[in-house]
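So the structure is just underneath, and the comments pick up after that.
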Amino acid sequence: MPAEMMQKAQIRRGRRRFATTWEQRKAGDRLVVLRGGSPRPIESYITSDPSGVNWIKIGDVEPGSMYITRTSERIRREGVSKSREVFAGDLLLSNSMSFGRPYILQVNGCIHDGWLLIRDAEGRFDTIFLQQMLSTPSMARQYKALAAGGVVNNLNSELVQSATIAFPGKAEQIKIGALFQKLDSLIALHQRERVEACL
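Written as C-alpha coordinates, this is what we have:
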(Lines of atoms letter the chains of each structure in order from A and count residues from 1; the text may use other names and numbers.)
(Lines give C-alpha, C1' and ligand atoms only; values in the text may rest on other atoms or scores of the structure.)
Protein backbone atom coordinates (compact mmCIF):
# COMPACT_ATOMS: atom_id res chain seq x y z
CA MET A 1 0.00 0.00 0.00
CA PRO A 2 1.20 3.59 -0.43
CA ALA A 3 3.58 4.41 2.43
CA GLU A 4 2.08 7.90 2.81
CA MET A 5 -1.40 6.48 3.36
CA MET A 6 -0.12 3.86 5.82
CA GLN A 7 1.67 6.51 7.86
CA LYS A 8 -1.46 8.64 8.09
CA ALA A 9 -3.59 5.58 8.82
CA GLN A 10 -1.35 4.75 11.79
CA ILE A 11 -2.19 8.02 13.54
CA ARG A 12 -3.95 7.21 16.80
CA ARG A 13 -7.47 8.40 17.44
CA GLY A 14 -7.67 8.08 21.22
CA ARG A 15 -6.47 4.54 21.97
CA ARG A 16 -7.65 3.03 18.72
CA ARG A 17 -5.61 2.56 15.55
CA PHE A 18 -7.04 2.49 12.08
CA ALA A 19 -7.13 -0.93 10.44
CA THR A 20 -3.99 -1.85 8.49
CA THR A 21 -5.41 -4.62 6.27
CA TRP A 22 -5.56 -3.07 2.84
CA GLU A 23 -6.59 -4.56 -0.49
CA GLN A 24 -4.49 -4.02 -3.62
CA ARG A 25 -6.03 -3.97 -7.08
CA LYS A 26 -5.55 -2.41 -10.48
CA ALA A 27 -7.52 0.84 -10.63
CA GLY A 28 -9.48 -0.42 -13.62
CA ASP A 29 -10.75 -3.39 -11.58
CA ARG A 30 -12.48 -1.12 -9.10
CA LEU A 31 -13.07 2.20 -10.86
CA VAL A 32 -14.52 3.44 -14.13
CA VAL A 33 -11.84 5.46 -15.94
CA LEU A 34 -12.92 7.33 -19.09
CA ARG A 35 -11.44 10.13 -21.17
CA GLY A 36 -13.29 13.38 -21.78
CA GLY A 37 -14.21 14.68 -25.20
CA SER A 38 -14.98 17.96 -26.95
CA PRO A 39 -17.74 18.89 -29.38
CA ARG A 40 -16.00 20.56 -32.32
CA PRO A 41 -15.55 23.32 -33.09
CA ILE A 42 -16.01 24.11 -29.39
CA GLU A 43 -16.68 27.79 -30.15
CA SER A 44 -19.92 26.77 -31.84
CA TYR A 45 -21.16 25.11 -28.67
CA ILE A 46 -20.20 27.67 -26.00
CA THR A 47 -23.31 29.47 -24.74
CA SER A 48 -24.25 32.15 -22.23
CA ASP A 49 -27.69 30.58 -21.80
CA PRO A 50 -28.23 29.71 -18.09
CA SER A 51 -29.83 26.43 -19.20
CA GLY A 52 -26.55 25.35 -20.81
CA VAL A 53 -24.42 22.52 -19.43
CA ASN A 54 -21.35 23.32 -17.31
CA TRP A 55 -18.15 23.10 -19.37
CA ILE A 56 -15.44 22.10 -16.91
CA LYS A 57 -11.87 23.34 -17.47
CA ILE A 58 -8.69 23.29 -15.39
CA GLY A 59 -9.04 27.05 -14.92
CA ASP A 60 -12.21 26.43 -12.92
CA VAL A 61 -10.18 24.93 -10.08
CA GLU A 62 -9.53 27.31 -7.19
CA PRO A 63 -5.82 27.36 -6.20
CA GLY A 64 -5.17 24.80 -3.48
CA SER A 65 -8.67 23.32 -3.66
CA MET A 66 -9.52 19.66 -4.16
CA TYR A 67 -13.06 20.54 -5.30
CA ILE A 68 -14.55 21.92 -8.50
CA THR A 69 -17.54 23.98 -7.46
CA ARG A 70 -18.32 26.16 -10.48
CA THR A 71 -17.51 26.72 -14.14
CA SER A 72 -16.93 29.89 -16.12
CA GLU A 73 -18.44 28.52 -19.32
CA ARG A 74 -21.37 26.40 -20.50
CA ILE A 75 -22.07 24.45 -23.67
CA ARG A 76 -25.31 23.92 -25.52
CA ARG A 77 -27.14 20.70 -24.72
CA GLU A 78 -26.55 19.44 -28.25
CA GLY A 79 -22.86 19.18 -27.33
CA VAL A 80 -23.35 16.71 -24.48
CA SER A 81 -23.47 13.65 -26.75
CA LYS A 82 -20.13 14.72 -28.28
CA SER A 83 -18.44 15.16 -24.90
CA ARG A 84 -18.26 13.19 -21.62
CA GLU A 85 -21.01 13.92 -19.11
CA VAL A 86 -19.97 13.93 -15.45
CA PHE A 87 -21.81 14.35 -12.18
CA ALA A 88 -21.29 15.73 -8.67
CA GLY A 89 -19.42 13.10 -6.67
CA ASP A 90 -17.29 11.97 -9.62
CA LEU A 91 -13.55 12.62 -9.57
CA LEU A 92 -11.64 14.26 -12.39
CA LEU A 93 -7.97 13.57 -13.05
CA SER A 94 -6.04 16.14 -15.04
CA ASN A 95 -4.15 14.32 -17.77
CA SER A 96 -1.68 16.90 -19.03
CA MET A 97 -1.09 20.39 -17.60
CA SER A 98 -1.44 19.61 -13.85
CA PHE A 99 -0.35 16.05 -14.49
CA GLY A 100 -2.27 13.48 -12.42
CA ARG A 101 -4.02 15.82 -9.98
CA PRO A 102 -7.46 14.60 -8.84
CA TYR A 103 -10.42 16.83 -8.01
CA ILE A 104 -13.86 16.10 -6.56
CA LEU A 105 -16.77 17.42 -8.59
CA GLN A 106 -19.49 19.35 -6.80
CA VAL A 107 -21.28 20.28 -10.02
CA ASN A 108 -22.65 18.35 -12.99
CA GLY A 109 -21.27 19.09 -16.44
CA CYS A 110 -19.14 17.89 -19.35
CA ILE A 111 -15.38 17.48 -19.71
CA HIS A 112 -12.94 17.82 -22.61
CA ASP A 113 -10.08 15.46 -23.38
CA GLY A 114 -7.76 17.23 -20.94
CA TRP A 115 -9.58 15.36 -18.17
CA LEU A 116 -10.08 11.74 -17.19
CA LEU A 117 -13.28 10.76 -15.39
CA ILE A 118 -12.79 8.56 -12.29
CA ARG A 119 -16.14 7.10 -11.24
CA ASP A 120 -16.79 4.81 -8.28
CA ALA A 121 -19.73 3.09 -9.97
CA GLU A 122 -19.98 0.33 -7.33
CA GLY A 123 -19.78 2.62 -4.29
CA ARG A 124 -16.67 0.95 -2.88
CA PHE A 125 -14.90 4.15 -1.86
CA ASP A 126 -15.27 7.13 0.42
CA THR A 127 -14.85 10.11 -1.92
CA ILE A 128 -12.41 12.03 0.31
CA PHE A 129 -10.30 8.93 0.85
CA LEU A 130 -10.24 8.18 -2.88
CA GLN A 131 -9.17 11.72 -3.75
CA GLN A 132 -6.40 11.64 -1.15
CA MET A 133 -5.23 8.19 -2.25
CA LEU A 134 -4.98 9.33 -5.86
CA SER A 135 -3.03 12.42 -4.68
CA THR A 136 -0.19 10.52 -2.98
CA PRO A 137 3.40 10.81 -4.24
CA SER A 138 3.44 7.04 -4.82
CA MET A 139 0.54 7.37 -7.29
CA ALA A 140 2.34 10.24 -9.03
CA ARG A 141 5.43 8.03 -9.34
CA GLN A 142 3.33 5.27 -10.89
CA TYR A 143 1.82 7.67 -13.41
CA LYS A 144 5.23 9.01 -14.40
CA ALA A 145 6.71 5.53 -14.73
CA LEU A 146 3.78 4.29 -16.81
CA ALA A 147 3.83 7.42 -18.99
CA ALA A 148 7.60 7.22 -19.56
CA GLY A 149 8.60 7.23 -23.20
CA GLY A 150 6.12 9.84 -24.34
CA VAL A 151 7.20 13.22 -25.64
CA VAL A 152 5.38 14.79 -22.67
CA ASN A 153 3.86 13.33 -19.54
CA ASN A 154 0.30 12.62 -20.55
CA LEU A 155 -2.16 10.25 -18.92
CA ASN A 156 -4.73 8.16 -20.71
CA SER A 157 -7.49 5.91 -19.44
CA GLU A 158 -5.57 2.67 -20.09
CA LEU A 159 -2.54 3.93 -18.18
CA VAL A 160 -4.59 4.95 -15.14
CA GLN A 161 -6.55 1.68 -15.23
CA SER A 162 -3.26 -0.21 -15.00
CA ALA A 163 -2.02 1.68 -11.92
CA THR A 164 -2.15 -0.17 -8.59
CA ILE A 165 -4.35 1.24 -5.85
CA ALA A 166 -4.51 0.17 -2.21
CA PHE A 167 -7.43 0.65 0.17
CA PRO A 168 -9.02 -0.67 3.39
CA GLY A 169 -12.72 -1.40 3.87
CA LYS A 170 -15.12 1.49 3.36
CA ALA A 171 -15.77 2.01 7.09
CA GLU A 172 -12.06 2.61 7.62
CA GLN A 173 -11.89 4.80 4.52
CA ILE A 174 -14.56 7.07 5.98
CA LYS A 175 -12.58 7.45 9.22
CA ILE A 176 -9.36 8.16 7.34
CA GLY A 177 -11.17 10.59 5.03
CA ALA A 178 -12.57 12.45 8.05
CA LEU A 179 -9.05 12.71 9.48
CA PHE A 180 -7.77 14.14 6.21
CA GLN A 181 -10.51 16.77 6.25
CA LYS A 182 -9.55 17.82 9.79
CA LEU A 183 -5.89 18.05 8.81
CA ASP A 184 -6.73 20.08 5.71
CA SER A 185 -8.88 22.44 7.79
CA LEU A 186 -6.04 22.96 10.28
CA ILE A 187 -3.55 23.62 7.49
CA ALA A 188 -5.90 26.14 5.85
CA LEU A 189 -6.47 27.86 9.21
CA HIS A 190 -2.72 28.19 9.87
CA GLN A 191 -2.14 29.53 6.37
CA ARG A 192 -4.82 32.19 6.86
CA GLU A 193 -3.35 33.16 10.23
CA ARG A 194 0.11 33.54 8.68
CA VAL A 195 -1.24 35.73 5.87
CA GLU A 196 -3.21 37.90 8.31
CA ALA A 197 -0.14 38.27 10.53
CA CYS A 198 1.78 39.68 7.58
CA LEU A 199 -0.85 42.32 6.77
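Start counting the sequence shown at 10; every next residue gets the next number (the numbering used here). All C-beta atoms in this analysis are idealised placements derived from N, C-alpha and C, irrespective of residue type, glycine included. Model, not experiment: these values are computed from the prediction.
- For the pair G186 and G132, the Cα-to-Cα distance works out to about 15 Å.
- Of all C-beta pairs linking the segment 105–121 to the segment 32–47, three or more are shorter than 8 Å, placing the two stretches in contact.
- S166: member of the alpha helix (DSSP H) spanning 166–171, first to last residue.
- With contacts defined by Cβ atoms closer than 8 Å, Q115 and A130 do not form a contacting pair.
- Distance between G37 and A206, taken at the CA atoms: about 47 Å.
- Secondary-structure assignment with DSSP links Y76 through a beta bridge to I113.
- Closest by C-alpha distance to Q33, out of L168, A172, R79, D69, is A172.
- The DSSP-derived three-state label of K66 is coil.
- G123 carries a coil assignment under DSSP once its states are collapsed to helix, strand and coil.
- Residue environment analysis places S60 among the exposed positions, since fewer than 16 neighbouring C-beta atoms fall within 10 angstroms of its C-beta.
- For I84, the enclosing beta strand (DSSP E) has its first and last residue at 82–84.
- In the structure shown, the three-state DSSP call for T136 is helix.
- Here the C-alpha atom of G88 lies approximately 6 Å from the C-alpha atom of Y54.
- C-alpha of L155 to C-alpha of N163: approximately 10 Å in a straight line.
- For the set V62, T30, R49, V41, the Cα lying nearest the Cα of I127 is the one of V41.
- At the C-beta level, F176 and F134 come within 8 Å of one another.
- Our two residues, F189 and K91, have alpha carbons roughly 37 Å apart in a direct line.
- Boundaries of the alpha helix (DSSP H) around S147: 146–156.
- By a beta-carbon distance limit of 8 Å, V70 does not contact I84. Their separation comes to about 18 Å.
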